[in-house]
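Note that the protein sequences, when read in sequence, are chains Z and A. Going letter by letter, the first sequence gives residues 1 to 197 in our numbering. Going letter by letter, the second sequence gives residues 198 to 443 in our numbering. We put the beta carbon where it would ideally sit given N, CA and C, even for glycine. Owing to the predicted nature of the structure, the values given are computational and were not obtained by experimental measurement. Structure first, commentary second.
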Amino acid sequence: MYEGPVQDLITELGRLPGVGPKSAQRLAFHLLSAEPEDARRLARAILEAKERVRFCRRCFNVSEREECRICRDARRDAHVLCVVEEPRDLQAIEKTAEFRGRYHVLGGAISPIDGVGPERLHIRELLARLDAEDITEVVLATNPNIEGEATASFLARQLKAIGVPVSRIASGLPVGGDLEYADEVTLGRAFAGRRTL
Amino acid sequence: MALYREQGVVLRSYKLGETDRILHLFTQGRGKVRAVAKGVRRSGSRFGGRLEPFSHVDVQLYEGRELDVVTQAELITSFASVRGDWVLSACGSAMAEGADRVAQPDERSNGLFLLLLAGLRALSDAPAHPAVVLDAYLLRLASVAGYHPYLEGCASCGAPGAHPVFHIASGGTLCAGCAPPGSQPLASPVRAMLGVLADGDWADLGAGLGATGPDARARRAAGAVAHSFLAYHLGRPLRSWELVPR
Numbered sequence: 001m002y003e004g005p006v007q008d009l010i011t012e013l014g015r016l017p018g019v020g021p022k023s024a025q026r027l028a029f030h031l032l033s034a035e036p037e038d039a040r041r042l043a044r045a046i047l048e049a050k051e052r053v054r055f056c057r058r059c060f061n062v063s064e065r066e067e068c069r070i071c072r073d074a075r076r077d078a079h080v081l082c083v084v085e086e087p088r089d090l091q092a093i094e095k096t097a098e099f100r101g102r103y104h105v106l107g108g109a110i111s112p113i114d115g116v117g118p119e120r121l122h123i124r125e126l127l128a129r130l131d132a133e134d135i136t137e138v139v140l141a142t143n144p145n146i147e148g149e150a151t152a153s154f155l156a157r158q159l160k161a162i163g164v165p166v167s168r169i170a171s172g173l174p175v176g177g178d179l180e181y182a183d184e185v186t187l188g189r190a191f192a193g194r195r196t197l
Numbered sequence: 198m199a200l201y202r203e204q205g206v207v208l209r210s211y212k213l214g215e216t217d218r219i220l221h222l223f224t225q226g227r228g229k230v231r232a233v234a235k236g237v238r239r240s241g242s243r244f245g246g247r248l249e250p251f252s253h254v255d256v257q258l259y260e261g262r263e264l265d266v267v268t269q270a271e272l273i274t275s276f277a278s279v280r281g282d283w284v285l286s287a288c289g290s291a292m293a294e295g296a297d298r299v300a301q302p303d304e305r306s307n308g309l310f311l312l313l314l315a316g317l318r319a320l321s322d323a324p325a326h327p328a329v330v331l332d333a334y335l336l337r338l339a340s341v342a343g344y345h346p347y348l349e350g351c352a353s354c355g356a357p358g359a360h361p362v363f364h365i366a367s368g369g370t371l372c373a374g375c376a377p378p379g380s381q382p383l384a385s386p387v388r389a390m391l392g393v394l395a396d397g398d399w400a401d402l403g404a405g406l407g408a409t410g411p412d413a414r415a416r417r418a419a420g421a422v423a424h425s426f427l428a429y430h431l432g433r434p435l436r437s438w439e440l441v442p443r
């Protein structure tokens, strides 16, 4: 155990995800040996992020204002929605520059084994947006794992019942990979989702 | 470094660090195994989709101090259709959660292994009533765990016949003389349904037991009894069971 503030800093850093006791100690001593201005800048960034960042009232993306940058952008297609689990998934899709519509962030995925059901996600808000914003297509871009697939299946049922066209992002072989090393599930999906050239 | 090879079913997984996952595997020869699948969350991972929950796999692992490490995985049956439908996925999750709670490390149970595969196979056949398949699995899981519900007579005095009360703590049905005061009797279709859940054929269960089978209310009530019976012996209810649409 270290004295006072050093131990406090190690304890707080150790509460961050993926940071164990040894890493916390290493980070703490790095900060102690850094320039005072570097430490101040980090402290300011943490405080400002906590104080200024909120969730967009429309899509639940992280935002500094009531509505996020994408929801405010009049050049985006306001009638196509892409549904993602978390704000970081939205950023990954934005980097592709392939999608010009708007987003809806669910805030997680259905996971019965963890006790997370549909009512814990922003699904009610998504359904409310369909009418209010005259949505003509919903793209489901949840993760291709068990939770993401269950969520996509649940949403597809709900949206089809309402009569909104719904699509799911494709899944298949990673670019640059070798076919012979692909697993049967992924390769099977790649075949099921093949397209005419 | 001791390498070993096992057949197993992935029960559940947790994220670990940036790209890894901790898996709970129920293996045929070593019971429950906790193992790390390194890099499995990367899009170019060599494991790909082979180690998703419900996958029946042939895996090679090496023994670690706390967690074993998966080095190779071959798919035997993916049960991808169970993961692709949210109702089936919720039922499969409850099956996996039940197996995860019953299974113990280094304790092989061929009965549990075969039951889990039979349950997942029944779900992958796209049953009309997946919740019935789940409830049958849960009642049979209690049997495999050593708590077979006695439905053929009175669990207390042994008097044969169909008795009116199902008493969880006594382990089965009780005759009017042995039932504690205030016990709620089961309606006869619910009692009949419990018998079907315990012994019925998987295909018939999935089909909803035909036009003359029990109605939805009896199916639901029998399912609740099956879950309560297992939950009593496991010490707490299954979280996934509550979320299964019925």
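Chain A residues whose Cβ lies nearer than 8 Å to that of residue i
i, result
"Phe-154/Z", "Trp-283"
"Pro-174/Z", "Ser-240 and Gly-241"
Contact with chain A by residue i, beta-carbon distance below 8 Å
i, result
"Val-185/Z", "yes"
"Ile-146/Z", "yes"
"Ala-34/Z", "no"
"Ala-170/Z", "no"
"Ile-162/Z", "no"
"Glu-149/Z", "yes"
"Gly-177/Z", "yes"
Spatial distance of residue i from residue j (CA atoms)
i, j, result
"Gly-214/A", "Ala-234/A", "11 Å"
"Ala-423/A", "Ala-333/A", "8 Å"
"Asp-396/A", "Cys-375/A", "25 Å"
"Asp-183/Z", "Arg-247/A", "6 Å"
"Val-175/Z", "Ser-275/A", "23 Å"
"Ala-299/A", "His-430/A", "Here residue 299/A is Val; the residue named in the question, Ala, does not match the sequence. Computed Cα separation, rounded: 10 Å."
"Glu-64/Z", "Arg-75/Z", "20 Å"
"Tyr-181/Z", "Gly-236/A", "15 Å"
"Leu-427/A", "Gly-343/A", "11 Å"
"Pro-144/Z", "Leu-27/Z", "34 Å"
"Met-1/Z", "Leu-9/Z", "12 Å"
"Ala-268/Z", "Ser-286/A", "Absent from the model: residue 268/Z. The displayed extent of chain Z is 1 to 197, so no value can be given."
"Leu-121/Z", "Pro-361/A", "43 Å"
"Thr-151/Z", "Gln-158/Z", "11 Å"
"Ala-296/A", "Thr-196/Z", "44 Å"
Cβ of residue i within 8 Å of any chain Z Cβ
i, result
"Ser-425/A", "no"
"Ser-240/A", "yes"
"Ser-321/A", "no"
"Leu-440/A", "yes"
"Ala-389/A", "no"
"Ala-408/A", "Reliability of the predicted coordinates at Ala-408/A is poor, the pLDDT of 49 falling under 50, and the value obtained from them is presented with this limitation in mind. It does not: the Cβ of Ala-408/A has no partner Cβ on chain Z nearer than 8 Å."
"Ser-367/A", "no"
"Ala-359/A", "no"
"Ala-287/A", "yes"
Partners in chain Z for residue i, counting only beta-carbon separations shorter than 7 Å
i, result
"Glu-294/A", "Ile-113"
"Ala-291/A", "Pro-112"
"Ser-437/A", "Pro-112 and Ile-113"
Within chain Z, partners of residue i - CB distance below 9 Å
i, result
"Ser-275/A", "Asp-183, Glu-184, Val-185 and Gly-188"
Where residue i meets chain Z, residues with beta-carbon distance less than 8 Å
i, result
"Arg-209/A", "Ile-113"
"Arg-280/A", "Ile-146, Glu-149 and Ala-150"
Near the ligand NAP: residue i beta-carbon under 7 Å from a heavy atom
i, result
"Leu-272/A", "In the structure on display, the ligand NAP does not appear, and there are no ligands present to speak of."
* Please specify which runs of the alpha helix (DSSP H), each continuous and at least 4 residues long, are wholly inside the region 93-174 of chain Z, giving them in chain order. => Correct list: 123-132 and 146-162.
* For the region 245-273 of chain A, which residues have a beta carbon sitting closer than 7 Å to at least one beta carbon of chain Z? -> Gly-245, Gly-246, Arg-247, Glu-249, Pro-250 and Leu-272
* To do: Using a Cβ-Cβ cut-off of less than 9 Å, give me the residues of the region 108-123 of chain Z that come near chain A, in sequence order.
  => Ile-110, Ser-111, Pro-112, Ile-113, Asp-114, Gly-115, Val-116, Gly-117 and Pro-118
* **Within 7 Å of chain A by C-beta, residues of the region 7-19 of chain Z in sequence order** => Gly-18
* Taking a Cβ distance cut-off of 7 Å, strictly less, list which residues of the region 212-228 of chain A are near chain Z, in chain order. => Gly-214
* Completely contained alpha helix (DSSP H) runs for the region 270-346 of chain A, where each covers 4 or more residues -> 277-280, 283-299, 307-321 and 327-341
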